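Everything below concerns the one structure shown next.
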Amino acid sequence: MDIITEPSALRERARAWSRSGETVGFVPTMGALHAGHASLLRLARERAALVVASVFVNPTQFGPGEDLDAYPRDLERDAALAREAGVDVLFAPAPGAMYAPEAATWVEVPTLARHLCGASRPTHFRGVCTVVSKLFLLVRPTLAVFGQKDWQQLAIIRRMTADLGFDVEIVGAPIVREADGLALSSRNVRLTPTERAEAVAINQGLALAEELARGGTRDAGRILAAVRAFYATAMPSGTVDYLECVDPGNIVPATTLAGAALFAAAVRFSAVRLIDNRFVDVNAAS
């Protein structure tokens with residue numbers, strides 16, 4: 611596995627791949643890699659001749675007061691996991707290599723960023739779209755893999771890719787969970803023991819939402835009220851940032867379940883904010 615730190619070097623490598631007709635799978639990450647990331651890398655490995663991963667803690671997707679400085683960084687460990695997962699090239703640039711001081715251009719999909727994470731982090735997806743666009747231009751991937759835990763991000767990247775005409779297949783990968791159901795996240799390591807024990811309730815509450823929906827409840831408000839009551843009891847250390855039922859395609863709140871729906875939650879603990887979701891189609895067989 612090669613480690614590249616300069617965009618110009620990656621660009622030259624990508625041109626060579628393009629000339630030779632190689633299929634390239636790309637997995638963009640912010641590092642602090644775990645088994646969830648490994649599943650994305652393995653999926654890319656199955657689908658493409660070459661696999662590129664990026665490790666870049668993108669400053670433009672963090673807002674004021676968020677955990678940019680505290681975000682875990684360990685390139686040596688990340689490189690070991692990437693190598694084991696079959697990555698051919700690991701791109702690990704410095705912030706200054708990706709953004710010039712005078713940079714003034716943003717890429718954003720505002721219609722899909724109004725709810726869920728976009729409501730409390732208004733500049734987050736603008737930063738995500740901008741850096742992913744820049745990475746697509748450097749890597750020239752055939753396909754790019756994103757996890758479904760960040761469902762809103764996946765929907766936004768799909769829309770951006772279609773709107774800007776990137777010739778990239780966007781692949782969504784299933785959520786990977788701990789044995790007790792907590793969605794894997796690089797931020798989980800910053801939970802206190804008490805918070806870690808309570809955090810499993812995030813997924814349990816979403817499972818309750820699915821159970822109620824499949825049991826015949828079609829009023830999204832009633833379902834969300836039941837989940838909020840469960841969270842209040844099961845997660846006294848956490849504060850619910852949002853708990854919503856939205857259309858999984860356009861990320862608009864749904865009041866009545868008539869087909870596919872996404873139940874999504876974000877919960878803040880003392881040092882971290884965790885997200886999770888549950889896709890439900892009430893018309894599909896259980």
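Each residue of the sequence shown is one higher than the last, beginning at 611 in the numbering used here.
Virtual Cβ for every residue (Gly too), placed ideally from N, Cα, C.
The structure presented is a predicted model; accordingly, all values stated were derived computationally and were not measured.
Residues Ala-702, Pro-703 of the same chain have their beta carbon placed closer than 6 Å to that of Thr-615, with the five preceding and five following residues left out of the count. Pairing Val-850 with Ala-875 gives a Cβ-Cβ distance under 8 Å. A distance below 7 Å between beta-carbons, with the five flanking residues on each side excluded, links Asp-829 to the following residues of its chain, in chain order: Thr-866. Counting of Cβ neighbours within 10 angstroms places Pro-751 among the buried residues, the total reaching 16 or more. Within the stretch 706-730, the runs of alpha helix (DSSP H) at least 4 residues long that lie entirely inside it are, in chain order, 727-730. At a Cβ-Cβ threshold of 8 Å, Gly-696 and Arg-657 do not count as neighbours.
In the three-state reduction of the DSSP assignment, Pro-638 falls in the strand class, which pools E and B. Phe-672 carries a coil assignment under DSSP once its states are collapsed to helix, strand and coil.
Around Ser-730, the same chain offers Asp-851 as residues with beta carbons nearer than 6 Å, after the five sequence neighbours per side are excluded.
With contacts defined as CB atoms closer than 8 Å, Ile-812 and Leu-726 fail to qualify as a contacting pair.
Distance from the CA of Asp-760 to the CA of Asp-886, rounded to the nearest whole angstrom, comes to 8 Å. Val-662 sits close to Asp-698, with the two beta carbons spaced by under 8 Å. In the displayed model, Gly-757 falls within a strand according to three-state DSSP. When secondary structure is reduced to three states using DSSP, Phe-873 falls in the strand class. Residue environment analysis places Thr-639 among the buried positions, since at least 16 neighbouring C-beta atoms fall within 10 angstroms of its C-beta. No residue range can be given for Glu-632, since it is assigned to no beta strand (DSSP E) and is classified by DSSP as neither H nor E. DSSP links Glu-854 through a beta bridge to Ala-874.
When the Cα atoms are used, Val-882 and Ser-630 turn out to be separated by approximately 44 Å. In summary, Val-837 is buried, with 16 or more beta-carbon neighbours lying within 10 Å of its beta-carbon over all protein chains present. Closest in alpha carbon position to Ala-723, among Gly-859, Met-708, Asp-891, Arg-787, is Gly-859.
One alpha carbon belongs to Asp-677, the other to Ala-817, and they sit about 29 Å apart. DSSP places Ala-663 in the strand class (E or B) of the three-state scheme. With contacts defined as CB atoms closer than 8 Å, Ala-844 and Glu-808 qualify as a contacting pair.
DSSP, read as helix, strand or coil, puts Leu-867 in coil.
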